[in-house]
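Residue numbers for the sequence shown follow our numbering, beginning at 15 and rising by one. Positions of the beta carbon are idealized from the N, C-alpha and C atoms, including for glycine. The structure appears below as structure tokens.
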Amino acid sequence: MGSKVDVNAWRGVWVFIEQYKGKPARVSFELLGIGRELAGKLEVPLTALVLGSGVEALAKDAIASGADRVLMADDPKLAEYSTELYAKIIAEAALDEKPEILLVGASPVGRDLAPTLSFRLTGGCTADCTHLDVDLEKRLLVSTRPAFGGNVMATIICPDHRPQMSTVRPGVMPLPDPDPARIGEIKNLGVDLSSVSPKVRVLESKLRESEGGNLLEAEKVVGIGMGAGSREGFDMVCEMAKLMEAEVAGTRPAVEAGWISHDSQVGQTGKTIRPSLYIACGISGTVQHTAGMSGAKTIIAINKDANADIFKFADYGIVGDVAKVVPKIIERLNALKG
């Protein structure tokens, strides 16, 4: 770690906007929402960092979603993500403008970029955060993240170095409602990459199909826990989910039992989701799981234990064995479909 800096010389909140072929990563706009909140508390502008090729429309979208200004680097060589080029451009801009906070999504790209930036800027980075706040008196970013396998929540600060950096898990922050009428400044960084030859060149990139479907954007999700009883019980719950046109998620024990892939795990050591409807089937309701789904608008719990913690989070509860309740729901769904 580098020597201490004059922390009072650093002001402002920055958010890196990740994009793929001009389409922004959802987590980046989630960060604009929490970034707007933090910037408001600190009474500083919120700046979005937009790098890519042909990304001016994305810069305008960032302003509509809360940014006061955008620092844009638009160049054909930035069309594909490059650790070397992206880190160089952002680090140079940060050293010039001195933001006190820099937020990055905890996506594969973000997890690659953030530590490189942290090294270049000789600062600290708290990874995989699930909650952010600020200590107004000391102007400290207060980052919370799971630790020790999700058994405890650690709160971390970086008092002596700037910028204070955090990567944030997708789905843990609400997506802000865009306001097309918002006005902001777009500043082109004017990078000249004509003579730059990155050591690593991307020849081709493809989006990987997740075994967990599109959990982060799903409106309806059915969650499966060990209370499903068996692989047959799991298959039955999946049948119900298919009839509902819902995605399927699972608890960590369900993943460890081999019923469902890690891509579909929801909780402190999995994904965080905010669907309109979440149906918890045979899930006890430990904090390791509820941390990933308690933001759902409506939660229905099915569990044979009337004292299960999951009912504390549920809007509606059914006390009963999943093996007996779910077949009745399937029967009713089939009847409704004619």
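Between the C-alpha atoms of Gln-282 and Gly-198 there is a straight-line separation of about 36 angstroms. The criterion of a C-beta distance shorter than 9 angstroms is satisfied by Ile-115 and Leu-155.
Closest by C-alpha distance to Thr-136, out of Lys-18, Val-29, Val-280, is Lys-18. The C-beta of Asn-317 has 16 or more other C-beta atoms within 10 Å across all chains shown, which makes the residue buried. If you ignore the 5 residues before and after Ala-76, its C-beta comes within less than 7 angstroms of the C-beta of Ile-31, Leu-46, Ala-62, Val-64, Val-84, all in its own chain and listed in chain order. Annotation note: the stretch 30-115 contains the following uninterrupted beta strand (DSSP E) runs of length 3 or greater, listed N- to C-terminal: 60-66, 83-88.
Distances from the CA of Gly-68 to each of Tyr-95, Gly-36, Phe-43, Arg-288 were compared; the closest alpha carbon is that of Gly-36. About 7 angstroms separates the beta carbons of Ile-238 and Ile-274, which is inside the 8 angstroms limit, making them a contact pair.
Inter-segment contact for the stretch 336-348 and the stretch 248-259 is present: three or more beta-carbon pairs are separated by less than 8 angstroms. Where Ile-313 is concerned, the enclosing beta strand (DSSP E) starts and stops at 312-317.
Put simply, the backbone Cα of Ala-271 is about 11 angstroms away from that of Phe-248. Here the C-alpha atom of Ser-209 lies approximately 52 angstroms from the C-alpha atom of Ala-268.
Note on geometry: alpha-carbon atoms of Ser-132 and Ile-297 lie some 39 angstroms from one another. In terms of Cα proximity to Gln-302, the closest of Val-333, Glu-51, Thr-265 is Thr-265. Here Met-179 carries a strand assignment [DSSP, helix/strand/coil]. Each of Thr-300, Met-307, Tyr-330, Asp-323 was checked against the Cα of Ile-314, and the nearest Cα belongs to Tyr-330. The alpha carbon of Met-307 has as its nearest neighbour, out of Met-240, Val-262, Arg-50, the alpha carbon of Val-262.
When secondary structure is reduced to three states using DSSP, Met-258 falls in the helix class. Taking a contact as a CB-CB distance under 8 angstroms, the pair Val-58 and Val-27 counts as one, their CB atoms being some 6 angstroms apart. Within the DSSP bridge table, the entry for Ser-157 names Leu-146, Ile-170 as partners.
Ser-278 and Leu-229 do touch by the CB rule: their CB atoms are close to 7 angstroms apart, below 8 angstroms.
By DSSP's assignment, Val-216 forms no beta bridge with any residue.
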